[in-house]
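S.K.: Basically the numbering used here = 1-based index in the sequence shown + 32. Quick reminder that beta carbons are idealized off the backbone N, C-alpha and C, glycines included. Sharing a structure with you now.
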Amino acid sequence: MVTSGRLALYIIAVCCYGRRVRDALVATGRVLREACWLAAERLRWRGDPSDIPAHAASITPGWLTRILQPYFPGCRVRSLEQIAADAGTTDRARLAVTYDDLGSGDPPPASLFVKLAPADFKTRLLVNLMRLGATEVAFYRQVAAWLPVDTPRVFYAHSQGRAQRFILVLEDLSARAVRFTTVAQALTLDDARVVMQALARLHAHLWDSPRFNGDLAWLKSRDHNPNERVERCLCALAMRPGIRRFPDLVPRELQAATGRIAAARARLENAWAHGPLTVIHGDAHVGNLYFSSGTAGFLDWQVVQRGQGMRDVAYFVINSVPTELRRAHQRDLIALYLSTLAEHGVSGPDPETAWQQYRLHALYTWIATVVTAAAATLQVEPIVRAGLARSSHAVMDLDSLGALDEVLRLPSVG
Numbered sequence: 033m034v035t036s037g038r039l040a041l042y043i044i045a046v047c048c049y050g051r052r053v054r055d056a057l058v059a060t061g062r063v064l065r066e067a068c069w070l071a072a073e074r075l076r077w078r079g080d081p082s083d084i085p086a087h088a089a090s091i092t093p094g095w096l097t098r099i100l101q102p103y104f105p106g107c108r109v110r111s112l113e114q115i116a117a118d119a120g121t122t123d124r125a126r127l128a129v130t131y132d133d134l135g136s137g138d139p140p141p142a143s144l145f146v147k148l149a150p151a152d153f154k155t156r157l158l159v160n161l162m163r164l165g166a167t168e169v170a171f172y173r174q175v176a177a178w179l180p181v182d183t184p185r186v187f188y189a190h191s192q193g194r195a196q197r198f199i200l201v202l203e204d205l206s207a208r209a210v211r212f213t214t215v216a217q218a219l220t221l222d223d224a225r226v227v228m229q230a231l232a233r234l235h236a237h238l239w240d241s242p243r244f245n246g247d248l249a250w251l252k253s254r255d256h257n258p259n260e261r262v263e264r265c266l267c268a269l270a271m272r273p274g275i276r277r278f279p280d281l282v283p284r285e286l287q288a289a290t291g292r293i294a295a296a297r298a299r300l301e302n303a304w305a306h307g308p309l310t311v312i313h314g315d316a317h318v319g320n321l322y323f324s325s326g327t328a329g330f331l332d333w334q335v336v337q338r339g340q341g342m343r344d345v346a347y348f349v350i351n352s353v354p355t356e357l358r359r360a361h362q363r364d365l366i367a368l369y370l371s372t373l374a375e376h377g378v379s380g381p382d383p384e385t386a387w388q389q390y391r392l393h394a395l396y397t398w399i400a401t402v403v404t405a406a407a408a409t410l411q412v413e414p415i416v417r418a419g420l421a422r423s424s425h426a427v428m429d430l431d432s433l434g435a436l437d438e439v440l441r442l443p444s445v446g
């Protein structure tokens, strides 16, 4: 509770500078509310286990048997062994599974991948504020099965209670012939092209869909974002600390512009939200992808939402493609994305509009990498350094600050 109280005071201090008082008050209330619910859950958990295990080590053979039997009738789990584990915005583990009975149909998996609410209190508080776990659970329950891109098979996805405890039981992709990489590694042009085509297929499927007014109305958008003020405050809070961690990676001109960027956040959000909109991944860097059989699959759908398709394009290209390769081929990659949209029956933005959206979404990409840099528990340092360096170069190369000035010269619409 001391940590959450300090976070609340920091939010007030940062956001009250200028005209952000309402944002600060709303964000502070949310922080304190989420912290209280988390504290209450931890006290209750000691004597009242829920249906959702708190840790991978809490998963029992009996619990997993109940989860798997709808898919593999008659199977019965004997034991579990944790093969590997790590932590970020979720606690993650690979589990080896042995069985007393394989059941009567297809054999059940010999290993599984599980994602749970993070044990670290500060990380859990951030995850709950942004509803990251609940969003990914909703994605796997309601959206994943009918998207035209590869995602891990889900066996169980559930979130519970005001404290948003959650668990995802997914296929272990290591059992498939898939290839993983990270932002810190050099991506090839061929891989980048494969991702452009996969993003276009994803976006074309629900481009300007009427379902956004129906069963998919829960997806976050500019017009439906309960966390809008919290996000603005957290970004304002994180910008300078993120830059202070890695000042060598952010040009002085960009460092000097942080206040202007933060103050213009609402205007930027309006520009980023110009339709038509589609379902976007929202965090499409290469570390959240995998490659298999000439295509790309997508992981970690915690920020799936409605938005411009070019946000995913810019976020991927700028974060994941080495800077010199991006400079040489970014227009060709955008053209490939647009032509693949057309192949799937979508009339996307014209090339000039797409380019202007790309320039503006470079700012979103940079903001996201700075926030990640400030929150030291979200990514390891080599990945943070690579993403921050690439996005800083892109903002300067693309004159994204000039694009921001163009937005600010337009009449304000709210």
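#1: Are the beta-carbon atoms of Val402 and Gly291 separated by less than 7 Å?
#2: Are the Cβ atoms of Val353 and Val215 separated by less than 7 Å?
#3: Go ahead and pull the three-state DSSP assignment for Ile293.
#4: Applying the 10 Å Cβ sphere with the 16-neighbour rule, what's the burial state of His235?
#5: Helix, strand or coil for Asp255 per DSSP?
#6: Can you name the residues that DSSP bridges to Cys107?
#7: Assign Gln411 to buried or exposed, taking buried as 16 or more other Cβ atoms, counted over all protein chains shown, within 10 Å of its Cβ.
#8: Below 7 Å CB to CB, which residues in the same chain sit around Val227 once its five sequence neighbours on both sides are set aside?
#9: Given this structure, state the Cα-to-Cα distance separating His237 from Ser143, to the nearest angstrom.
#10: Using DSSP's beta-bridge definition, name the partner residues of Lys147.
#11: Going by C-alpha distance, which of Arg391, Leu202, Phe278 and Tyr172 is nearest Leu251?
#12: Considering Thr167, what are the terminal residues of the alpha helix (DSSP H) in which it resides?
#13: Please determine if the region 237-247 and the region 265-284 are in contact, where contact requires at least 3 C-beta pairs separated by less than 8 Å.
#14: Give me the DSSP bridge partner(s) of Ala116.
#15: CA-CA distance, Cys47 and Ala268?
#16: Touch check for the region 423-432 and the region 385-394: three-plus C-beta pairs under 8 Å?
M.R.: Straight from the coordinates:
#1: Position 370 of the sequence shown, counted from the start, is the residue given in the question as residue 402. Position 259 of the sequence shown, counted from the start, is the residue given in the question as residue 291. Contact flag unset, no.
#2: Reading the sequence shown from its first residue, position 321 is the one you call residue 353. Reading the sequence shown from its first residue, position 183 is the one you call residue 215. Not a contact, by the Cβ cut-off of 7 Å.
#3: Position 261 of the sequence shown holds residue 293. Correct three-state label for Ile293: helix.
#4: Mapped onto the sequence shown, residue 235 falls at position 203. Of the residues assessed, His235 falls on the buried side of the cut-off, its CB having 16 or more other CB atoms within 10 angstroms.
#5: Translated into the one-based positions of the sequence shown, residue 255 becomes position 223. If DSSP states are grouped into helix, strand and coil, Asp255 belongs with coil.
#6: Position 75 of the sequence shown, counted from the start, is the residue given in the question as residue 107. The bridge partners DSSP lists for Cys107 are Leu134.
#7: Position 379 of the sequence shown, counting from 1, holds the residue named residue 411. It is buried - the Cβ of Gln411 has at least 16 other Cβ atoms within 10 Å.
#8: In the sequence shown, the residue the question calls residue 227 occupies position 195. Setting aside the 5 residues that flank it on each side, Val227 is surrounded in the same chain by Leu321, Ala328 and Phe348, each with a C-beta closer than 7 Å to its C-beta; the list follows chain order.
#9: What you label residue 237 is simply residue 205 of the sequence shown in a count that begins at 1. What you label residue 143 is simply residue 111 of the sequence shown in a count that begins at 1. If you take the alpha carbons of His237 and Ser143, they lie about 32 Å apart.
#10: Mapped onto the sequence shown, residue 147 falls at position 115. Beta bridge pairing from DSSP links Lys147 with Arg124 and Leu200.
#11: By 1-based counting over the sequence shown, the position of residue 251 is 219. Taking only the C-alpha atoms, the option nearest Leu251 is Tyr172.
#12: By 1-based counting over the sequence shown, the position of residue 167 is 135. Thr167 -> alpha helix (DSSP H) spans Leu164 to Gln174.
#13: Result no; under three Cβ-Cβ pairs closer than 8 Å.
#14: Locating residue 116 in the sequence shown gives position 84, where the first residue counts as 1. The partner list for Ala116 (beta bridge, DSSP) reads Arg126.
#15: As a position in the sequence shown, residue 47 is number 15, starting the count at 1. As a position in the sequence shown, residue 268 is number 236, starting the count at 1. Only weak support exists for where Cys47 lies, its pLDDT of 48 falling under 50; the value from the coordinates is given anyway. So the two alpha carbons sit approximately 7 Å from each other.
#16: In short, these stretches touch, since the Cβ pair count reaches three.
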